[in-house]
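Working notes, structure below.
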Amino acid sequence: MARVNNWQIGREMSYWYPESRPRRQFAAVFDTNKCIACQTCTLACKTTWTSGKGQEYILWNNVETKPYGSYPLAYDVKLLELLGSQEWVGDTYAGRTIFEAAPAGERVLGWGPEEQDYAYPNIGEDDCAGQVDHGATMALPHMSWFFYLARICNHCTYPACLAACPRGSIYKRPEDGIVLVDQGRCRGYQECVRGCPS
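Using this note's numbering, you'd call the opening residue of the sequence shown number 839 and step up by one each time.
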């Protein structure tokens, strides 16, 4: 494995490929103050990119209700449980990354959701699960709160999907940093899904 400089965690880390930065980096910004979880962005992305046969459960974009919801179901919580408690020392991440914590024989520490975990985004996430039977929602101020978070492919600097793919079918486009799948090489092993931390 190569050693690469990850500015986001303030140190070098292990990665499966040598450092290679794009000339530019694509980014998307969602104003969480205006998001009402209408899922219009989810449907626009779905109909544009994943409307084919076999892609019924694939949503590369979705809006989650945080801190309670996640898509696929419990996805981020499961990965955090696998990684365990980690810590920062000042501005430097002292814990292990998903590449450094990978079990022997694996490229990335990951969790593979069941197919039905993809069945629906954001269903039931806005339901209050607190002390409703004790009148928690009746009084003001009430302690129940949440916000909406649009989630898309992050086109990561060091994509875990790229590192996890045994076919080498995922690549980062050098001109804009977008992470793409070469459909001619992909065989649907879903190691990219298991490896993706977001």
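We put the CB at the ideal spot given by N, CA and C, even for glycine.
Straight-line Cα distance separating residue j from residue i
i: Q1021; j: S1007; result: 7 Å
i: T1009; j: L1000; result: Going by the sequence as given, residue 1009 is Tyr instead of Thr. So the alpha carbons of these two residues sit roughly 6 Å apart.
i: F868; j: G933; result: 29 Å
i: R841; j: T935; result: 12 Å
i: L921; j: A940; result: 9 Å
i: G1086; j: N871; result: No answer is possible for residue 1086: the residues shown for the chain start at 839 and end at 1036.
i: R1032; j: W983; result: 30 Å
i: M839; j: Q924; result: 22 Å
i: F937; j: S858; result: 17 Å
i: T880; j: W887; result: 11 Å
i: N843; j: T995; result: 10 Å
i: V946; j: E1029; result: 9 Å
i: Y958; j: A998; result: 24 Å
First and last residue of the uninterrupted beta strand (DSSP E) at residue i
i: Y913; result: Segment Y913 to L921 is the alpha helix (DSSP H) holding Y913; no beta strand (DSSP E) there.
i: K884; result: Careful: K884 lies outside any beta strand (DSSP E), inside the alpha helix (DSSP H) at T878 to W887.
Run of the alpha helix (DSSP H) containing residue i, from where it starts to where it stops
i: A1001; result: A998 to A1002
DSSP bridge partner residues for residue i (one or two, in chain order)
i: L987; result: E902
i: V927; result: T930
Check: residue i C-beta below 7 Å from any heavy atom of the ligand ATP
i: R934; result: For the ligand ATP, the structure offers nothing, since it holds no ligand at all.
Q. If you pair each beta-carbon of the stretch 876–884 with each one of the stretch 853–866, do three or more pairs fall below 8 Å?
A. no
Q) Is the number of C-beta pairs between the stretch 921–928 and the stretch 984–998 that are closer than 8 Å three or more? A) no
Q. Is it true that the stretch 909–921 meets the stretch 947–957, where meeting means three or more beta-carbon pairs spaced less than 8 Å apart?
A. yes
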